[in-house]
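In what follows, a structure is listed as structure tokens, so that the remarks can point back to it.
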Amino acid sequence: SCVHTGNCFVPICEIIAVEETEFNKKQRNIGRWQKMAKLHAFTVHYVKKARNHRWRCSNVTFWCVDEHLCNQWIQALKELLEMQKSRPKQLLVYINPYGGKRQGKRIYEQKVAPLFSLASISTDVVITEHANHAKDNLFEVNIYKYDGVVCVGGDGMFSEVMHGLIGRMQKDSGIDQNNPKASLVQCNIRIGIIPAGSTDCICYSTVGISDPVTSALHIIVGDCQPLDVSSVHHNNMFLKYSVSLLGYGFYGDILKDSEKKRWMGPMRYDYSGFKTFLSHHYYEGTIAYQPAKPTHGSPRDKESCRTGCYICKQSEKELAEQHKERGLKQVGEEEWKVIKGKFLAINAVNMSCACPRSPKGLSPAAHLADGSADLILVRKCSRFDFLRYLVRHTNQDDQVCIPLDSELYRV
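Using our numbering, the letters of the sequence shown map in sequence onto residues 4 to 414.
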């Protein structure tokens with residue numbers, strides 16, 4: 004029989020790897036040290052879940068004197084791991100060496116690559132040299148031989164890989180991205196994120212923490228989280244895709260200004276944010292939107308979206324039924340709501356947009372894959388009220404009750 008070190012129950016889906024182990028040490032038995040006969044052992048590497056969504060790689064070693072029995076266990080466990088069909092075997096990895104604090108290459112080589120190797124995942128690694136390097140490369144490589152694409156960097160790196168993959172799928176299928184009414188071909192190649200950027204909003208909003216090891220372990224065990232993707236068009240011309248924030252006004256101005264100061268690293272957001280806040284610039288205009296239908300939740304719900312979310316599952320079923328009946332009613336016939344006014348910020352978010360600096364995000368109840376977005380409008384108000392609104396993003400309070408002129412809709 005096998006004896007193991009301590010009591011440990013590990014689901015097969017959380018086992019990372021099983022390997023034979025050399026075992027020639029003295030072992031403790033019944034309270035005293037004694038030399039045992041030649042032992043045969045194997046080590047199980049598994050996911051150990053800690054606080055705040057953090058995962059770590061741990062291991063437990065089993066041993067016995069029967070070599071045949073030991074080999075049987077190793078073979079049986081490896082066969083069970085082979086049955087985990089959602090796990091990747093070959094990945095294409097893009098590393099942005101300039102994002103965030105310029106630690107992407109070091110993070111991958113020291114924290115992620117050893118885990119991929121342990122899990123017997125083969126990788127092709129590309130270190131990006133300029134903007135849109137990964138996007139352009141995805142139009143050239145044979146993406147269909149990979150089980151997924153991993154980006155090591157921040158939200159910008161994820162966006163680049165996403166645009167490359169979606170664009171490649173449409174190109175291969177003969178779909179015109181410039182047609183806003185075109186039905187896009189779904190991208191079935193998964194994207195993994197190893198956080199190494201300035202904010203890592205997408206990683207934090209999906210995994211619950213910005214931690215390279217945790218993200219690597221999620222990739223290894225084959226975890227998958229669907230995301231809603233919005234497309235932006237202007238005059239029948241495709242502009243971009245978005246999975247997090249579409250910002251016009253305050254947040255858009257920050258992003259525009261910070262792009263000119265990438266040399267500052269993460270500090271550029273603080274500088275651009277302070278500068279934009281002082282300008283207190285507002286925009287006068289008209290906003291038209293369609294209320295989300297069907298909707299099973301409210302943007303003022305207290306519960307956050309998580310993996311296996313009931314609302315996302317129900318919305319997916321109903322949206323699929325709607326898609327089948329799409330020819331019966333054109334999108335343009337749906338009811339449009341119109342709002343006019345002077346706005347400091349106009350934001351549409353596909354997810355909460357939580358990050359370490361804003362643990363609840365702009366819209367804490369936004370769902371990851373329910374086919375809708377939360378529209379947040381902040382009308383012109385005093386600098387003091389707007390400051391109170393911004394400060395609330397850094398704490399656990401209700402994100403949309405101050406200023407009084409802020410409005411929230413699910414669209």
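The beta-carbon is built from N, C-alpha and C at its ideal position, and this holds for glycine as well.
*Excluding the 5 residues preceding and the 5 following T397 in the sequence, name in chain order all residues of the same chain whose CB lies nearer than 7 Å to its CB.*
Locating residue 397 in the sequence shown gives position 394, where the first residue counts as 1. Here the set comprises R360 and S361.
_Can you give me the C-alpha to C-alpha distance between E306 and T24, rounded to a whole angstrom?_
On the sequence shown, residue 306 is found 303 positions in, with the first residue counted as 1. On the sequence shown, residue 24 is found 21 positions in, with the first residue counted as 1. Roughly 45 Å between the two C-alpha positions.
*So what's D373 in DSSP terms, helix, strand or just coil?*
Along the sequence shown, read from residue 1 onward, the residue named residue 373 stands at position 370. The answer is coil: DSSP assigns D373 none of H, G, I, E or B.
*Return the Cβ separation of L1 and V164 in integer angstroms, given the expectation that the two are a contact with Cβ distance under 8 Å.*
Residue numbering for the chain in the displayed model covers 4 to 414; residue 1 lies beyond these limits and cannot be assessed.
*Alpha carbon to alpha carbon, how far is F241 from F387? Give it in angstroms, no decimals.*
Here residue 387 refers to the residue found at position 384 when the sequence shown is read from its first residue. Here residue 241 refers to the residue found at position 238 when the sequence shown is read from its first residue. F387 and F241: Cα-Cα distance of roughly 38 Å.
*Closest residue to Y101 among L393, A199, K41 and V216 (Cα-Cα distance)*: In the sequence shown, counting from the first residue as 1, residue 101 sits at position 98. Y101 has its Cα closest to that of A199, out of L393, A199, K41 and V216.
*Would you identify the three-state DSSP class for M165, choosing helix, strand or coil?*
Within the sequence shown, numbered from 1, the residue matching residue 165 stands at position 162. Three-state result, M165: helix.
*Can you name the residues that DSSP bridges to V341?*
Position 338 of the sequence shown, counted from the start, is the residue given in the question as residue 341. Paired residues: A291.
*Should S176 be labelled buried (16 or more other beta-carbon atoms within 10 Å of its own) or exposed?*
As a position in the sequence shown, residue 176 is number 173, starting the count at 1. Exposed.
_Rounded C-alpha distance that separates Q93 from A219_ = By one-based count along the sequence shown, residue 93 stands at place 90. By one-based count along the sequence shown, residue 219 stands at place 216. Looking at the two C-alpha atoms, the distance is approximately 14 Å.
*Any idea what DSSP makes of Y285, helix, strand or coil?*
Reading the sequence shown from its first residue, position 282 is the one you call residue 285. In the structure shown, Y285 sits in coil (DSSP, three-state: anything other than H, G, I, E or B).
*Where does the unbroken beta strand (DSSP E) through C204 begin, and where does it stop?*
Taking the first residue of the sequence shown as position 1, residue 204 is located at position 201. Segment C204 to V210 is the alpha helix (DSSP H) holding C204; no beta strand (DSSP E) there.
*Between the Cα of H236 and those of D179, T46 and K104, spot the shortest distance and give me the residue it belongs to.*
Taking the first residue of the sequence shown as 1, we reach residue 236 at position 233. Checking every option, the nearest Cα to that of H236 belongs to D179.
*DSSP beta-bridge partners for H237?*
Taking the sequence shown and counting its residues from 1, one reaches residue 237 at position 234. Partner(s): M240.
*Whole-angstrom distance between I110 and M151, CA atom to CA atom*: Here residue 151 refers to the residue found at position 148 when the sequence shown is read from its first residue. Here residue 110 refers to the residue found at position 107 when the sequence shown is read from its first residue. The residue you asked about is not Met; residue 151 is Gly in the sequence shown. Between G151 and I110, the C-alpha separation is close to 19 Å.
*To the nearest angstrom, how far is it from the Cα of W66 to the Cα of K88?*
Mapped onto the sequence shown, residue 66 falls at position 63. Mapped onto the sequence shown, residue 88 falls at position 85. Looking at the two C-alpha atoms, the distance is approximately 29 Å.
*Can you grab the Cα-Cα spacing for the pair S385 / V210, in whole Å?*
Position 382 of the sequence shown, counting from 1, holds the residue named residue 385. Position 207 of the sequence shown, counting from 1, holds the residue named residue 210. Roughly 36 Å between the two C-alpha positions.
*What's the gap between the Cα of Q30 and the Cα of V63?*
Indexing the sequence shown from 1 puts residue 30 at position 27. Indexing the sequence shown from 1 puts residue 63 at position 60. Per-residue confidence for Q30 stands at a pLDDT of 49, beneath the threshold of 50, marking its modelled position as unreliable; no derived number is given.
*In terms of alpha-carbon separation, which member of L168, K174 and F346 lies closest to H283?*
The count along the sequence shown starts at 1 and reaches residue 283 at position 280. Checked all of L168, K174 and F346; the closest Cα to H283 is F346.
*Quick one: grab the DSSP three-state call for I463.*
Nothing can be reported for residue 463, as the shown portion of the chain is limited to 4 through 414.
*Helix, strand or coil at S2 [DSSP, three-state]*: One cannot answer for residue 2 here, as it falls past the ends of the chain, which runs 4 to 414.
_Can you tell me whether Q333 is helix, strand or coil according to DSSP?_
In the sequence shown, the residue the question calls residue 333 occupies position 330. Bear in mind that a pLDDT of 49 at Q333, under 50, signals an unreliable position, so the number given afterwards is only what the model happens to contain. If DSSP states are grouped into helix, strand and coil, Q333 belongs with coil.
_Extract the residue ranges of the beta strand (DSSP E) inside the stretch 247-280, only unbroken runs of 3 or more that lie entirely within it._
248-252
*What does a CB cutoff of less than 6 Å around S415 pick up in its chain, not counting 5 residues either side in sequence?*
As displayed, the chain neither begins before 4 nor continues past 414, which places residue 415 out of reach and without an answer.
*Which whole runs of the alpha helix (DSSP H) in the stretch 344-398 are 4 residues long or more, in chain order?*
386-394
*How would you write the range of the beta strand (DSSP E) that S120 sits in, first residue to last?*
Counting from one through the sequence shown, the residue named residue 120 turns up at place 117. Run containing S120: none in the beta strand (DSSP E); it sits in the alpha helix (DSSP H), A116 to L121.
*Length of the line joining the Cα atoms of D203 and L72*: The count along the sequence shown starts at 1 and reaches residue 203 at position 200. The count along the sequence shown starts at 1 and reaches residue 72 at position 69. Their Cα atoms are separated by approximately 46 Å.
*Opening and closing residue of the alpha helix (DSSP H) in which E85 lies*: Taking the first residue of the sequence shown as 1, we reach residue 85 at position 82. Membership of E85 in the alpha helix (DSSP H) is indicated by the continuous run E70 to E85.
*Relative to the C-alpha of L411, which residue among H299, E324 and Y292 is closest?*
To locate residue 411, count along the sequence shown from 1; it is residue 408. When each option's Cα is compared against that of L411, the closest is Y292.
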